[in-house]
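Residues 606 to 931 (the working numbering) are what the sequence shown spells out, left to right.
Don't be surprised by glycine CBs; every beta carbon is placed ideally from N, CA and C.
Following: one structure in structure tokens, then a few remarks.
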Amino acid sequence: MLKIIKRTLICAAATLTCATPMAQTYPDRPVKLEVGYVPGPTGPDFGARVIAPKLSELLGQPFVVENKAGASGTIATNFVAKSAPDGYTLLQGETAQLEIAPYLFKNLPYNTLKDLTPIGLMTESAGLVIVSNAKTSKIKTIQDLIREAKARPGEIAYGTAGTGSIHHIAMELFQDGVGIKLNHVPFRGGGEALPAFLGGEMPVLIAALQTVWPFVKQGDVNLLAVTAPDRLPAISDIPSLSELIPGYGVESQLGLLAPAGLPKPILEKLSSALKQGLEDPEIRKKLSVEGTRSIKWMSPDDYAKHIEKNQKMFDHAVRIANIKAE
Numbered sequence: 606m607l608k609i610i611k612r613t614l615i616c617a618a619a620t621l622t623c624a625t626p627m628a629q630t631y632p633d634r635p636v637k638l639e640v641g642y643v644p645g646p647t648g649p650d651f652g653a654r655v656i657a658p659k660l661s662e663l664l665g666q667p668f669v670v671e672n673k674a675g676a677s678g679t680i681a682t683n684f685v686a687k688s689a690p691d692g693y694t695l696l697q698g699e700t701a702q703l704e705i706a707p708y709l710f711k712n713l714p715y716n717t718l719k720d721l722t723p724i725g726l727m728t729e730s731a732g733l734v735i736v737s738n739a740k741t742s743k744i745k746t747i748q749d750l751i752r753e754a755k756a757r758p759g760e761i762a763y764g765t766a767g768t769g770s771i772h773h774i775a776m777e778l779f780q781d782g783v784g785i786k787l788n789h790v791p792f793r794g795g796g797e798a799l800p801a802f803l804g805g806e807m808p809v810l811i812a813a814l815q816t817v818w819p820f821v822k823q824g825d826v827n828l829l830a831v832t833a834p835d836r837l838p839a840i841s842d843i844p845s846l847s848e849l850i851p852g853y854g855v856e857s858q859l860g861l862l863a864p865a866g867l868p869k870p871i872l873e874k875l876s877s878a879l880k881q882g883l884e885d886p887e888i889r890k891k892l893s894v895e896g897t898r899s900i901k902w903m904s905p906d907d908y909a910k911h912i913e914k915n916q917k918m919f920d921h922a923v924r925i926a927n928i929k930a931e
């Protein structure tokens, strides 16, 4: 027994001896920040390109953004999950690839919480349920939508960026919560859904707030509700769906992750730098996109618990709506 204890202490001491220099010298070369989507003005690529220069400044090495788009972000996620856990390959993670994909895709080659190390949450972005502001529309409030949907089950169409998208799931949870049935019209991304809605192809749209914000400011659309768990400061007169469904709250999130097995000293260094970066007023201003996205820091442990909680919600939604990946 004494030999075992002695051997354990020696191993622990050796680990600490190696870890300290590792933390002190990290990073000593460029760090890759993988993004699972194409470049865009408000999405994961945008978030990565805002935070990367700040991390470079704080840690003294370039943080280089690389796009590996495809399969709802799962290609980049799998690439990072299979990379060496040395802190030189990171993931700009987003809700679809981390929390929804495990329940949409069969034989997904990674397990989010087993194969990745959460470093910290960065931002949250709510969805917005909108309708035309035409005077002839009977739908002026979220209660109007519920009333009309109950009178005409399955007839009222709503558009989203696609089957299995976070906004599709948000609306399925809403319908289940208030007992209505709408007709889902999926598009190939928000770039197709918004013009179709504005062109009158369907009366209801759910999309990211920052996507429709210009039309909100111009008064071109009528706001019904937000999918965040609380009302948003920028539009505090618009109700949250949680006011109708206790416990409701669906938001698209951006966070930083690394391969599983990342040494704790490196994790702590990256987590600290990310937190410091998100506290910078200029970074906060850029990431908030005119107040349509919330900056919300979470520690590695809290972020991991948050992902796990959201996965349970999305698993439930996918099952009750019988959503299949296209």
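Give the straight-line distance between the Cα atoms of residue i and residue j, rounded to the nearest whole angstrom.
i, j, result
"Val-831", "Pro-791", "19 Å"
"Leu-828", "Ser-899", "19 Å"
"Lys-687", "Lys-711", "18 Å"
"Glu-760", "Ala-922", "21 Å"
"Asn-927", "Thr-630", "49 Å"
"Pro-714", "Gly-794", "24 Å"
"Tyr-642", "Gly-678", "6 Å"
"Asp-781", "Ala-930", "20 Å"
"Val-826", "Leu-803", "9 Å"
"Thr-613", "Leu-879", "Residue placement at Thr-613 is flagged as unreliable, the pLDDT there being 43, under the threshold of 50; the coordinate-derived value follows with that caveat. Roughly 34 Å separates the two Cα atoms."
"Pro-632", "Gly-692", "8 Å"
"Met-918", "Arg-924", "10 Å"
"Gln-748", "Leu-867", "48 Å"
"Tyr-853", "Asp-650", "28 Å"
"Leu-892", "Gly-882", "11 Å"
"Pro-838", "Lys-901", "14 Å"
"Thr-682", "Ile-850", "32 Å"
"Gly-675", "Gln-702", "10 Å"
What residue range does the alpha helix (DSSP H) around residue i cover?
i, result
"Thr-746", "That residue, Thr-746, is in no alpha helix (DSSP H); it is neither H nor E in DSSP."
"Leu-709", "706-709"
"Val-783", "771-783"
Under the DSSP definition of a beta bridge, which residues are partnered with residue i?
i, result
"Glu-729", "Gln-858, Ser-899"
"Ser-845", "Val-831"
"Thr-722", "Ala-863"
"His-789", "Tyr-763"
"Val-821", "Answer is none; Val-821 lacks a bridge partner."
"Val-826", "Ser-737"
Span of the beta strand (DSSP E) holding residue i?
i, result
"Thr-765", "762-765"
"Gln-697", "694-699"
"Ala-801", "No beta strand (DSSP E) holds Ala-801; the alpha helix (DSSP H) holding it covers 795-803."
"Leu-810", "809-813"
"Lys-637", "636-640"
"Glu-671", "668-672"
Are residue i and residue j close, meaning C-beta to C-beta below 7 Å?
i, j, result
"Glu-729", "Glu-848", "no"
"Val-736", "Val-809", "yes"
"Leu-721", "Ala-909", "no"
"Ile-656", "Leu-875", "no"
"Ile-871", "Lys-659", "no"
"Ala-653", "Val-636", "no"
"Tyr-763", "Asp-920", "no"
"Leu-862", "Gly-698", "yes"
"Thr-897", "Leu-814", "yes"
"Leu-726", "Gly-860", "yes"
"Gly-732", "His-773", "no"
Helix or strand or just coil, what does DSSP make of residue i?
i, result
"Val-685", "helix"
"Lys-740", "coil"
"Thr-832", "coil"
"Glu-884", "coil"
"Ser-968", "Residue 968 cannot be examined here, being either before or after the span of the chain that is shown, 606 to 931."
"Glu-806", "coil"
"Ile-925", "helix"
"Val-933", "Any property of residue 933 remains undetermined from this structure, which presents the chain solely from 606 to 931."
"Ala-653", "helix"
"Pro-646", "coil"
"Ile-850", "coil"
"Tyr-715", "coil"
"Gly-675", "coil"
"Thr-1009", "Because the chain here runs from 606 to 931, residue 1009 falls outside it and cannot be looked at."
"Val-837", "The sequence given here has Leu at residue 837, not Val. Three-state result, Leu-837: coil."
"Arg-752", "helix"
"Ser-661", "helix"
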